Structures are given as structure tokens and as C-alpha cells.
Ligand SMILES: [Fe+2]
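Residue numbers (the numbering used here): 7 to 145.
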């Protein structure tokens, strides 16, 4: 999605296309971060706050760039692509890998039956390693 936005920006495509791509990218980021945060919460991941702070910072920055794009600032689109390219590389190399290793090794390895783009978020359900449903917020 970042690559598609970059292509649209370099081709000086219509601003409507750039805005649509930006909206799709934003929805993807929001959904993906929420997915990761549910996984971390369900597995009681110890570094969830540190990880979520990185997501929060990215959400804030992306929101600022999107606001600029909505106001017709072409440079904001270019800045968004540069920021996300760098942020995603750094975040996935450390924070996401640490989370993935924890989830793989955790005794309550969980999976979310939700698959991005196939079901609405409301229909998400948590299951444990045995396939039984559970509430990650239950104590
Ligand atoms: Fe993450």
C-alpha cells in the first residue's frame, strides 16, 4: 500500500486517487495495529506498553500527514511514504519480531479467527491453542 501511494505521488495522479490510497493505507494501519494489540493483550505480553507506544506514535504521525494530504499538501504524501518506509522497517525488525517470538513460545499461544479484509472487526473471536474460545479481558 505504501508502494502504491508512492507510485501515485510520483505520477502526480489525481488528488482523489491519492486521498483514496491514503484512506486505505490508514485503515490498514489502524486494523493491523489493533490486531497486534489484541494478540499481545490476550497473551499477556510483558512489553505490550512499549510496543503500543510505538504504534501510538506512528498513529499520531500518520494522522498528521493524512491531515496535510487532505488539505492538498503534496509534500505531506511524500513525507508519509518516507516516514512509513523507515518506521515499518525499524518496527518490524525489532518490536514485531520480539512479539512474534513471544507469541510463538507462549504456552497460551492464541490466534485470532479474524482475517483482515474477510470479516468485520466485530466478528473477531479469540481461541486458545486448543481451539476453545476465550475472553482475553477476563481475569
Ligand atoms: Fe507492531
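In this text, a Cβ means the ideal position worked out from N, Cα and C, and glycines have one as well.
The structure displayed is predicted, hence computed values, not measured ones.
At least one heavy atom of ligand 1 is found less than 7 Å from the C-beta of residue 101.
Between the C-alpha atoms of residue 64 and residue 107 there is a straight-line separation of about 22 Å. Residue 138 sits in coil when the DSSP states are folded into three classes, being neither helix nor strand.
DSSP places residue 83 inside the alpha helix (DSSP H), whose first and last residues are 80-97.
With a threshold of 7 Å, the Cβ atom of residue 80 does not count as near ligand 1, since no heavy atom of the ligand is closer than that.
In the displayed model, residue 112 falls within coil according to three-state DSSP, outside both helix and strand.
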